[in-house]
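Convert by adding 75 to the 1-based position in the sequence shown; the result is the number in our numbering.
All residues carry an ideal CB built from backbone N, CA and C; glycine is no exception.
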Amino acid sequence: MSSNQRQGTFVEELLAPRRALATPWLTWHSLSGERIELSGRVFDNWVAKSANLLSDLFDLDEDSTVVIDLTANWKSLVLALAALHHGATLVDAEHQDAAQATLWITATPQDEHIPASSEILAVNPAALALSFGSDLGAVAEDFNASVRSYGDQFYPSALSSTTMALKSNVGIAMTLDELFGQSVEARGTILVRAQQPVLTLLPYLVSQWSAGDAVVLVEDGLEVTDRLREGERISFDYEPAR
C-alpha cells in the first residue's frame, strides 16, 4: 500500500512508545514562575482527556476545522494533538479558513473576530486555574472547568494519511502523513522558546518527540539562565528558520 493510502492513528503512534514512562516529555516554564513537568504518561492523559472532551462537546471529525488561537504553551499543544486525534484540520486565527471554523479554541472567548457560526472553547493558560474565570461569556465552553472529568484514555479511529493536519497563515500546510512521518536525528533535551505561533512550532516538536527527545518550552520573554539549562539538562537549542 502506498504512503498516500495509508490508514493510521497518528497521534496514538506518536504517544504510545513513551506512555508508560515517567521521564519528561514536555516541561513548561512561564513568566509567572510556573514550572510544569509532564511525563509521557501524564502528557498522554491530558491529550486523552482533551480528545474525549472535544468529542463529547463538539463532535469533531475529519471535516472539522479548528482554530488554535492560543500562544504556544503546554495546554495549546495538548489541545492541538487532541484535535488531531479526530482528524480535524488546525488553522491559526489569521488563516482564511478560520471564517468557516467548526471550533475556535481561545483565551479570549468574547473576541469580536470569532465567527458567530463557530463554537468556542475557552482556555485559561494558568496551570492551576480550575475555571476560565468571569470573562467566559454566554456561549463558550470552559476547558479548565470540564477537562478533568473526562477519561484518561482515548481510543482513536483510523484516519487517512492524506487528511490535512494543519494550515498556517505563514504558508505551512501539512497532511497527517507529512506531520507525523518526519524522520530526524535525536538530540536529547531540546530548549524551545515560545516566540512563534503554536502551529509553526508543532511540526518541529512532533519530529523531535518522534525521535525520542524531551522538550523544554519557555514562555516568550523569559530569561534562560545557566541554572535553568543545567537543571533541565538542555542539550540543544531550537533556532527558528529566518
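- Residue pairing from DSSP places Thr102 in a beta bridge opposite Glu112 and Val291.
- Taking each of Val166, Trp100, Leu90 and Ala126 in turn and checking the Cα distance to Val267, the smallest one comes out for Trp100.
- The three-state reading of DSSP puts Ala220 in helix, counting H, G and I together.
- DSSP, reduced to helix, strand and coil, places Arg302 within a helical segment of the structure shown.
- In this chain, the beta strand (DSSP E) harbouring Asp144 covers Thr140 to Asp144.
- Burial state of Tyr230 is exposed, judged by a 10 Å Cβ sphere holding fewer than 16 other Cβ atoms.
- Within 10 angstroms of the beta-carbon of Ser125 lie 16 or more other beta-carbons, which makes it buried.
- According to the DSSP secondary-structure assignment, Lys150 is paired through a beta bridge with no residue.
- About 7 Å separates the CB atoms of Thr102 and Arg110; that is less than 8 Å, so the two are in contact.
- One alpha carbon belongs to Ser206, the other to Arg262, and they sit about 37 Å apart.
- Residue state for Asp210 is assigned as coil, using DSSP reduced to three classes.
- In this structure, Leu106 sits away from Val142, with a CB-CB distance that is not shorter than 9 Å.
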